[in-house]
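Have a look at the structure below before the remarks.
In the UniProt record's numbering, the protein residues as written are 1 to 695.
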């Protein structure tokens, strides 16, 4: 007959409570710290489980004479227990204060790692930071009034390895997905997205918009990322980044393209021909007391680069001409002839003005928290501005072309008028047929200006399957509600208004949130790549992928973790067991217990550690390493390794004046088997035997 399997009891989930009467009966108390076990007031030993049988057995076995000297219910017994409780409170108070100081030190270590990572600084700079703090405090307090603070600063663990662990703990609080690897095919990117959504319990079929940069791996018809996403989310929309499209609209051609190329050649001639020539130009500009000290290089990848380079070139035009006149090279003479061409100067001035307006639009489209509604409104406004620019050129007033008016002396060519017309046509072709109708965008911005009987409801249903009748009726109701108008005027943002919108208007709310949850650009991704380049510099080329992800999580997030909560919950356990100041009972780890004939259980318990440690099992004949959970020993640290029920000392490691000394027992049972790590204090036992369990 098959034996039935019974579930093993786990006492740690039974929520056993301590009975206060047991203090009077068995001289046990229950400490208030986390994961505490009952403590005997007489011998300070603990029992694993808060059961009356365990306490009674311990008391009757080890303290049988106590009831004789102090009978139950007697005043002498009560006074003795009160004395024992007072002594325990004084002793535990020292440890509690020490742990509180250590928690402050640990908080300081986490805060320092947070600041360094937010500023993209290497882990190794924290030691320099500590040295600066100590030097400043010593100078500010020559009377030694800050000796205690200086001592605390010296004990803050700020090594590179400690900072790496600090950053990892902090990054877990603000975790953000970062795609790594060298290949960025659609399959790999989709796999990363799918893993992220599954790990966070997010349904893929809820994706309503995928914004890309237009790369083939993103928009490929058969194997692109958008196609892969549509296999699991058929109703999702795709959008080429609005910022990218606005940049592509201003692509130059013909004569203006040649003007731009000539300008870049002049800049490259001065900056890139030789380092000596570049240095001489900078010195020349500095002596002329110009507003800037150098020209800017142009890079097509950078959105604002073209406009900024042209603006700087125009501002230093006089210095460039004078410098080219002094140069004896043939290339300089050719560039000088170009600079002295009146038509060329007019075209450069025009391009400077128009790209300045485009840069202003680009900056308005950038930023976190920008919804599709915000971006489309900015694009519509710029389309209206293009009409103004065209009329301005036709009238010759040049109200919006200050550089052309001053530097170009107001010379207007047909190429300039044609470019403005082409620019307007490009914007219209790319954005007039936007997949979100303008009346839907207007509804999200202000639902009180949309007619319930117009085409709005029809366009809304085409975009999202909703009840058209409900849309019209709820729109009529919300427009008649005076409190909703006041709520819109007083809301911090559109999102805040629609989130707080009552469920009475649930259909309208669903439509608005559907639009507001769309990203209109890949600004956040581009900002992440820029931040990654500033984090993983040439000097930090050995930074691992995991550390890079942690650094990016901290650098990109707007949230800040609760450091004190991390420390109090023991989430950062790397240094929490290190004492601040002289150790109360040194750092002590014990070897104890044997489970099974050939399985040795090694349990590491710090003298001040309150958490239960997990057993480390090893087969007889193998080696086992007992870790101290320290990345390195600091000065005045002492680690004691005790063995057996009598706490026999088998090893001791001390750190003093940056030098570690250690002792290993010559006991026959351990001779030739122990190996000490002088950096961390860890102990390795080779060729373990049954007797090493201490039984």
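From the three backbone atoms N, C-alpha and C, an ideal C-beta is built for every residue, glycine too.
Note that this is a predicted model, so its numbers are computed, not measured.
Report the rounded CA-to-CA distance for residue 399 versus residue 388, giving the unit in angstroms.
For the purposes of this step, residue 399 is taken as residue 399 along the chain shown, with counting starting at 1. For the purposes of this step, residue 388 is taken as residue 388 along the chain shown, with counting starting at 1. Computed Cα separation, rounded: 10 angstroms.
Quick one: is residue 449 buried, meaning 16 or more other Cβ sit within 10 Å of its Cβ, or exposed?
By 1-based counting over the chain shown, the position of residue 449 is 449. Burial call: exposed.
Grab the span of the alpha helix (DSSP H) containing residue 679 for me, first residue to last.
The residue labelled residue 679 in the question sits at position 679 within the chain shown. No alpha helix (DSSP H) holds residue 679; DSSP gives it neither H nor E.
Looking only at DSSP bridge pairs, what is residue 245 linked to?
Mapped onto the chain shown, residue 245 falls at position 245. None, per the DSSP bridge assignment.
Could you give the distance in angstroms between the alpha-carbon of residue 456 and the alpha-carbon of residue 502?
Residue numbering aside, residue 456 sits at position 456 when the chain shown is read from its first letter. Residue numbering aside, residue 502 sits at position 502 when the chain shown is read from its first letter. For residue 456 and residue 502, the distance between alpha carbons rounds to 21 angstroms.
Close beta carbons around residue 436, own chain, < 6 angstroms, minus the five adjacent residues each side:
Within the chain shown, the letter at position 436 stands for residue 436. Hits under 6 angstroms: none found.
Give the single residue among 88, 170, 391 whose Cα lies nearest to the Cα of residue 108.
On the chain shown, position 108 is the one that residue 108 refers to. Per the Cα distances, 170.
Three-state secondary structure (DSSP) of residue 538
Here residue 538 is taken as the residue at index 538 of the chain shown, counted from 1. Reduced to three states, the DSSP call for residue 538 is helix.
Using the Cβ count rule (16 or more neighbours within 10 Å means buried), how would you classify residue 228?
Numbered from its first residue, the chain shown carries residue 228 at position 228. With 16 or more Cβ atoms within 10 Å of its Cβ, residue 228 is classed as buried.
In the structure shown, what three-state DSSP assignment does residue 615 receive?
Sequence index remark: in the chain shown, residue 615 carries index 615 (1-based). Confidence is the limiting factor: at residue 615 the pLDDT is only 49, short of 50, which leaves the residue's position unreliable, though a coordinate-based value still follows. Residue 615: coil per DSSP, three-state reduction.
Use the C-beta contact count for residue 123: other C-beta atoms within 10 angstroms, 16 or more gives buried, fewer gives exposed.
As a first step, residue 123 must be located in the chain shown, where it is residue number 123. Classification for residue 123: buried.
In the DSSP assignment, find the alpha helix (DSSP H) that holds residue 240 and state where it starts and stops.
Indexing the chain shown from 1 puts residue 240 at position 240. Premise fails: residue 240 lies in the beta strand (DSSP E), 237-240, not in any alpha helix (DSSP H).
Limits of the unbroken alpha helix (DSSP H) element including residue 642:
Residue 642 sits at position 642 when you count from the first residue of the chain shown. Segment 638-643 is the beta strand (DSSP E) holding residue 642; no alpha helix (DSSP H) there.
Inspect the beta-carbon positions of residue 130 and residue 84 and report whether they are closer than 8 angstroms.
Taking the chain shown and counting its residues from 1, the one referred to as residue 130 is at position 130. Taking the chain shown and counting its residues from 1, the one referred to as residue 84 is at position 84. No, the Cβ-Cβ distance between residue 130 and residue 84 is not below 8 angstroms.
With distances taken from CA atoms, which of 247, 406, 394, 297 is nearest residue 421?
Locating residue 421 in the chain shown gives position 421, where the first residue counts as 1. The candidate whose alpha carbon is nearest that of residue 421 is 394.
In chain order, which continuous runs of the alpha helix (DSSP H) of length 4 or greater are located wholly inside the region 31-100?
52-62, 66-69
Under 8 angstroms: do the region 280-296 and the region 219-239 share three or more Cβ pairs, one atom per stretch?
no
Excluding sequence positions up to five away, which residues of its chain have a Cβ less than 8 angstroms from the Cβ of residue 344?
In the chain shown, residue 344 corresponds to position 344, counting from 1. 259, 262, 338, listed in sequence order.
For residue 493, the three-state DSSP class (helix, strand or coil):
Indexing the chain shown from 1 puts residue 493 at position 493. Coil.
For residue 229, report the span of its alpha helix (DSSP H) as first-last.
In the chain shown, counting from the first residue as 1, residue 229 sits at position 229. Counting along the chain, the alpha helix (DSSP H) containing residue 229 begins and ends at 225-232.
Measuring only the C-alpha atoms, how far is residue 651 from residue 156?
Here the question's residue 651 lines up with position 651 in the chain shown. Here the question's residue 156 lines up with position 156 in the chain shown. Going by the C-alpha atoms only, they are around 27 angstroms apart.
Would you check if the region 466-477 and the region 528-547 touch, i.e. whether three or more CB-CB distances between them fall below 8 angstroms?
no
Alpha-carbon to alpha-carbon, residue 520 and residue 322
Mapped onto the chain shown, residue 322 falls at position 322. Mapped onto the chain shown, residue 520 falls at position 520. The alpha-carbon atoms of residue 322 and residue 520 are separated by roughly 46 angstroms.
Could you work out which residue in 382, 479, 563, 522 is closest to residue 369 when comparing CA atoms only?
Taking the chain shown and counting its residues from 1, one reaches residue 369 at position 369. Checked all of 382, 479, 563, 522; the closest Cα to residue 369 is 522.
Measuring straight from C-alpha to C-alpha, what distance separates residue 137 and residue 628?
Residue mapping note: residue 137 aligns to position 137 of the chain shown, counting from 1. Residue mapping note: residue 628 aligns to position 628 of the chain shown, counting from 1. Cα-Cα distance, rounded: 32 angstroms.
Per DSSP, residue 211 forms a beta bridge with which residues?
Counting from 1 along the chain shown, the entry for residue 211 is found at position 211. Its beta-bridge partners are 239.
Go ahead and pull the three-state DSSP assignment for residue 685.
As a first step, residue 685 must be located in the chain shown, where it is residue number 685. Three-state DSSP puts residue 685 in a strand.
Would you call the region 289-299 in contact with the region 241-250, where contact means no fewer than 3 C-beta pairs closer than 8 angstroms?
no
Go to residue 633, then tell me how far its beta strand (DSSP E) extends in each direction, as first and last residue.
Here residue 633 is taken as the residue at index 633 of the chain shown, counted from 1. Residue 633 -> no beta strand (DSSP E), and no H or E assigned at all.
Short check: CB of residue 46 to CB of residue 38, under 8 angstroms?
In the chain shown, counting from the first residue as 1, residue 46 sits at position 46. In the chain shown, counting from the first residue as 1, residue 38 sits at position 38. Cβ atoms of residue 46 and residue 38: closer than 8 angstroms.
For residue 7, collect the residues of the same chain with a Cβ closer than 8 angstroms to its Cβ; drop the 5 residues on either side in sequence, then sort them by chain order.
Counting from 1 along the chain shown, the entry for residue 7 is found at position 7. A caution first: residue 7 carries a pLDDT of 48, below 50, which makes its placement in the model too unreliable to give a value.
With 16 other Cβ atoms within 10 Å as the buried cut-off, status of residue 140:
Here residue 140 corresponds to residue number 140 of the chain shown, with the count starting at 1. Its Cβ having fewer than 16 others within 10 Å, residue 140 is exposed.
Would you decide whether residue 270 is buried or exposed? Buried here means 16 or more other CB atoms lie within 10 Å of its CB.
What you label residue 270 is simply residue 270 of the chain shown in a count that begins at 1. Per the 10 Å Cβ criterion, buried.
For residue 319, report the span of its alpha helix (DSSP H) as first-last.
For the purposes of this step, residue 319 is identified with residue 319 of the chain shown, where counting begins at 1. That run of the alpha helix (DSSP H) goes 317-326.
Reduced DSSP category for residue 510 - H, G, I as helix; E, B as strand; rest coil:
The count along the chain shown starts at 1 and reaches residue 510 at position 510. In the structure shown, residue 510 sits in a helix (DSSP, three-state: H, G or I).
Hey, is the region 49-58 in contact with the region 18-26, meaning 3+ C-beta pairs nearer than 8 angstroms?
yes
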